[in-house]
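Numbering (the numbering used here), first residue to last: 64 to 243. By construction, the Cβ of each residue, glycine as well, lies at the ideal position given by its N, Cα and C atoms. Right, one structure below, let's go through it.
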Ligand code: HEM
């Protein structure tokens with residue numbers, strides 16, 4: 064896997080392009096479903112929302128794990144360069160598109176169901192906003208590792224790894240149980 068940086072960058076760009084094409088195809092599919100069955104579209108939208116949040120959460124739980132192992136790899140080593148590619152692709156090809164789709168369909172669902180003033184939804188939204196903040200922090204860490212300037216310790220990333228887990232539990236309980 065330890066290709067030269069230029070080859071890795073090029074394959075990263077190709078992966079990014081594939082993510083954009085995938086989002087384009089999803090857009091066309093959603094438009095077709097909406098036109099074919101506008102009454103039943105709400106459940107399709109919710110299914111797409113849940114698929115997107117599963118992908119987003121998978122990435123948010125895995126990326127800090129990569130940071131933990133990356134802290135153990137020597138800077139400039141083949142292993143460190145491989146972690147850079149894995150982190151960048153996970154972020155660009157999975158986490159970023161999944162978060163975008165989760166927000167777009169989530170906000171549409173909230174608007175369509177008229178739930179945006181309900182307490183369970185406001186607490187869920189607060190959890191999703193903090194999750195998006197963690198997303199931003201992870202994005203800056205991918206850049207820092209990519210430029211060999213990460214100063215955070217393995218212990219730091221182990222602690223940070225718990226944040227998406229706790230938020231995910233809170234968010235799912237709010238939307239499924241609706242305790243408030
Ligand atoms: C990013 C901002 C988000 C917004 C605006 C949002 C909004 C919504 C809305 C309005 C619903 C539909 C409720 C219904 O019809 O019953 C929903 C369903 C759902 N959301 Fe989200 N959501 C977001 C993020 C998330 C995240 C991060 C997770 C998981 C970690 C999540 C998990 C779910 C689940 C599991 C359902 C289906 C619940 C059910 O059918 O019982 N959402 N979301």
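Distances from the alpha-carbon of residue 184 to those of 170, 197 and 196 put 170 closest. Taking C-alpha positions only, residue 111 is separated from residue 176 by approximately 16 angstroms. Excluding the 5 residues flanking it on each side, residue 138 has same chain C-beta neighbours closer than 7 angstroms at 211, in chain order. Looking from the CA of residue 147, the closest CA among 235, 182 and 74 belongs to 74. Residue 125 is positioned such that its CB atom lies closer than 8 angstroms to that of residue 153. DSSP, read as helix, strand or coil, puts residue 135 in helix.
Ranked by how close their Cα comes to the Cα of residue 76, the residues 181, 198, 156 and 197 have 156 in first place. Rounded to whole angstroms, residue 236 and residue 173 show a C-alpha spacing of 17 angstroms. If you draw a straight line from the Cα of residue 190 to the Cα of residue 199, it is about 14 angstroms long. The beta carbon of residue 100 sits closer than 8 angstroms to the beta carbons of 107 from its chain, once the five residues preceding and following it are set aside; these are given in chain order. DSSP places residue 201 in the helix class (H, G or I) of the three-state scheme.
Apart from the 5 residues on each side of it in sequence, residue 224 sits with its Cβ closer than 6 angstroms to the Cβ of 127 in its chain, given in chain order. Proximity of the beta carbon of residue 149 to the ligand HEM is not indicated: no heavy atom of the ligand is located closer than 7 angstroms.
In this structure, DSSP gives residue 180 a state outside helix and strand, which the three-state scheme calls coil.
Taking 8 angstroms as the cut-off, the Cβ atoms of residue 238 and residue 187 count as close. The three-state reading of DSSP puts residue 227 in helix, counting H, G and I together. Annotated three-state conformation of residue 100 is coil, per DSSP.
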